[in-house]
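Trainee: Chains as they are written, first to last, in my numbering: chain A, 60 to 297; chain B, 22 to 595.
Glycine included, every Cβ here is placed at the ideal spot set by N, Cα and C.
Note that the coordinates shown come from a computational prediction; the quantities given were computed from them, not determined experimentally.
Spelled out as structure tokens, the structure:
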């Protein structure tokens, strides 16, 4: 275990205009772990991720990634330092093909051979994408789009992946598949911060988990531990 | 999920279907008829009527009315769901209905003087359209022609693809040979075999009936032969590649080269007036390619584009002109030549482009259009203002800008200037083409589609957007500099909002994001109205109609880029 976490968020405050969305959130993600963040709609999950990846600016607090403060860094530089964000709702380049989307993912890279190797590897992780390789991504199913979104993020060879609601709007089979893949990617050493509404599945694969309520962390612990917590059971597992 | 199957409470479906089709026919016919009456009232029909397609037989006015009826016939034929017999009847009804409106107009004109309001509604107009057959004969003619036109339209749309395409080619050939007869006759003026061809097809006033038949037959046969050849090839190659994602690069390249050859040779044979027109077209092509970088590639709508054109033109004027406003006149700067000033003009435009980009960096979508509109107007107002008059010459502009020289020879002939511009266009096209496929081009595509995701992929928004504005402006600056040298003067009124709108319109008509599309758009929107001078009065009416038609039937543009075609034509699922 590495002593220092790869991502450390401390006392983060974010507000849209006058409304405070995050009120002093702190969390840390260790190297090679899966950390999940669960919470209800509007609790501030996506806001946190958008803030970490630099699309939103924090009002107060600090975010360190791999030992460097990134709270004030512009989004493209955060991405270049190895933090890949898979946004909510996939947000593919709908008019480009699967292949073109993947190549967009490798935008910052120049090593053609490395890119080709990575793409080949990702097509093994997501065999479905090989069949859809030249298809326009807007015409794929939701699950396939999620795979493209994750593969696109991985094409940048990130050090850490931020996944925002990967199971949203997918069929149960697809949800299982997506979680299976997340576990597989993590097994290859990728650190993952996962934001989910599907609490039971998310907690199952999590090394560590946080519950966010009204813009603040209300519970934290290991995934298994939280699954047994009566408050979590009542509010999120039903 | 369960779907509720409901049947419409209709007692006689067949009869109601027939009634529905009748309504459709009457509606289509009325639309065509109203368009015809409108065209007559505003004077378009009059102008069209003066343009002879076939001498003494057919004017553009006839063609216009006949195609209106044809269009409504074709529409009714494709939309109607009744039996063949009913469909034919409906087509005829639609045609007669379209003719009826003009008959009503004749009747109205015979009894009421409408000229106080619509000056174009003269009796000459109608007389010329009905070949001097009185009111009754004319009415019958109109109704009959309407029905005939509708039937022809329906037949044309109902034919299999090959004969239809051949017919369209043939008819277009007659139309082009007739409408552009002056140009073609000038082009056919040299040499014995060509001259005799000319006397065979044309009299001095225009196309003869026999010429029209020959033009029709030639185009028809050529189209048929091409079609046969294409089929033969396809049979040898096996089934066509259905993968739309792979652009057919080779055939695209071939068409681009062909287009280029036409651009080079055409003014040479068609005379110096065409040279001038082509000069203007190529300036707009330059601007179009610039705006294409901003709008087509990076998705940054810009309605103030003319400002960059103005900056290029004024820089050229200030640096080279032999006038009191030239910088050389009141500073120690030397008076530059065209070639020395050109890069500076481009540079100045680029600088202004980047400067423009700065305040609108965070503005997206519709707001961007409004913001850039404002910026463009600021430049125009500044140029025309009294404050800037001592420097920029105010409304009188700057005169005596020298023409460019090559090796001591001044390029005075518009044809020479055209070829010079063409060289610039080629260089610019090469740059634009390379940019499109470059890393920067891909970054622009990403920004256009999704700014947040683009950022998340490590794309520097600020840098890429400013580069788009700067490079787009550079093209416009180049066009402006040449424009100043071409006119040998610059006036503020050349840089109105309409220029920006023209450039944007030609992009949309040609196909956003497509380089050949820029050329097609410029030829159609800038070149055509110059050649058909008498239509100039209705220029913007045609623009509007053309834009609506293109948006309705070919939203991806006339010559779209493969990617754009995919965007517009693929349904979005999931």
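#1: Determine the direct distance from the alpha carbon of residue 66 (chain B) to that of residue 146 (chain B), and round the result to whole angstroms.
#2: Taking the straight line between their C-alpha atoms, what separation do you get for residue 241 (chain A) and residue 253 (chain A)?
#3: Taking the continuous beta strand (DSSP E) assigned at residue 249 (chain A), which residues delimit it?
#4: In chain A, what lies closer than 7 Å to residue 478 (chain B) by C-beta?
#5: Taking 8 Å as the cut-off, does the segment 336 to 344 of chain B touch the segment 352 to 368 of chain B (at least 3 CB pairs, one atom from each stretch)?
#6: Using a C-beta cutoff of 8 Å, does residue 112 (chain A) count as contacting chain B?
#7: Give the DSSP-derived three-state secondary structure of residue 80 (chain B) in the structure shown.
#8: List the residues of chain A that residue 52 (chain B) touches, going by C-beta distances under 8 Å, in chain order.
#9: When the Cα atoms are used, what is the spatial distance from residue 196 (chain A) to residue 91 (chain B)?
#10: If we ignore side chains and look at the alpha-carbon of each, how far apart do residue 193 (chain A) and residue 154 (chain A) end up?
#11: Just verifying my parser: in three-state terms, what is the DSSP assignment at residue 220 (chain A)?
#12: With a 10 Å radius around its C-beta and 16 neighbouring C-beta atoms as the bar for buried, classify residue 408 (chain B) as buried or exposed.
#13: What are the residues of the segment 61 to 81 of chain B that lie near chain A, defined by any Cβ-Cβ distance shorter than 9 Å?
#14: Residue 124 (chain A) by DSSP, collapsed to three states: which one?
#15: In angstroms with no decimal places, state the Cα-to-Cα distance between residue 182 (chain A) and residue 465 (chain B).
#16: Show which residues of chain B have a CB atom less than 8 Å away from the CB atom of residue 90 (chain A).
#17: Determine, using beta-carbon pairs with one atom in the segment 479 to 494 of chain B and one in the segment 347 to 355 of chain B, whether at least three such pairs fall under 8 Å.
#18: Relative to chain A, which residues along the segment 296 to 326 of chain B have a C-beta separation below 8 Å, given in chain order?
#19: Between which two residues does the beta strand (DSSP E) harbouring residue 276 (chain A) extend?
#20: So residue 413 (chain B) packs on residue 422 (chain B), CB below 8 Å; how close in whole Å?
#21: Can you tell me which of the three DSSP states residue 113 (chain B) falls into?
#22: Hey, would you say residue 316 (chain B) sits closer than 8 Å to residue 528 (chain B), going by beta carbons?
#23: Buried or exposed: residue 101 (chain A), going by 16 or more other Cβ atoms within 10 Å of its Cβ?
#24: Does DSSP classify residue 65 (chain A) as helix, strand or coil?
#25: Does residue 225 (chain A) have its Cβ less than 8 Å from a Cβ in chain B?
#26: What residue from A:288, A:138, A:278 and A:187 has the CA that sits closest to residue 473 (chain B)'s CA?
#27: Check whether chain A comes within 8 Å of residue 474 (chain B), counting only Cβ atoms and requiring the distance to be less than that.
#28: Residues bridged to residue 144 (chain A) by DSSP?
#29: Would residue 202 (chain A) and residue 229 (chain A) qualify as a contact pair, given that the criterion is a beta-carbon distance under 8 Å?
#30: Which residues does DSSP pair with residue 398 (chain B) in a beta bridge?
#31: Would you kindly check if the distance between the Cβ of residue 394 (chain B) and the Cβ of residue 324 (chain B) is under 8 Å?
#32: When burial is assigned at 16 or more other CB atoms within 10 Å of the CB, is residue 540 (chain B) buried or exposed?
#33: Output the boundary residues of the beta strand (DSSP E) element that contains residue 98 (chain A).
#34: What residue range is occupied by the uninterrupted alpha helix (DSSP H) comprising residue 303 (chain B)?
#35: Do you know offhand how far residue 199 (chain A)'s Cα is from residue 387 (chain B)'s?
#36: Quick one: grab the DSSP three-state call for residue 557 (chain B).
Mentor: Based on what the coordinates show:
#1: 8 Å
#2: 9 Å
#3: From DSSP, residue 249 (chain A) is part of no beta strand (DSSP E); its letter is neither H nor E.
#4: 138, 163, 164, 166 and 215
#5: yes
#6: yes
#7: strand
#8: Under the 8 Å cutoff, chain A gives no residues; its nearest Cβ is about 34 Å from residue 52 (chain B).
#9: 41 Å
#10: 11 Å
#11: strand
#12: With fewer than 16 other Cβ atoms from the protein chains shown falling within 10 Å of its own Cβ, residue 408 (chain B) counts as exposed.
#13: Taking a C-beta cut-off of 9 Å against chain A, none of the residues of the segment 61 to 81 of chain B qualify.
#14: strand
#15: 26 Å
#16: Here the premise fails: no neighbours, minimum Cβ distance about 22 Å.
#17: no
#18: none
#19: 275 to 281
#20: In fact, because the Cβ distance is near 13 Å, the residues do not count as touching under 8 Å.
#21: helix
#22: yes
#23: The residue in question, residue 101 (chain A), is exposed, as its Cβ has fewer than 16 Cβ neighbours within 10 Å.
#24: Per DSSP, reduced to three states, the secondary structure at residue 65 (chain A) is coil, with no helix or strand assignment.
#25: no
#26: Ranking the options by Cα distance to residue 473 (chain B), first place goes to A:138.
#27: yes
#28: Residue 144 (chain A) is bridged to A:221.
#29: With respect to the 8 Å criterion, residue 202 (chain A) and residue 229 (chain A) are classified as neighbours on the basis of their beta carbons.
#30: Bridge partners of residue 398 (chain B): none, in fact.
#31: yes
#32: buried
#33: 93 to 98
#34: 293 to 312
#35: 29 Å
#36: helix
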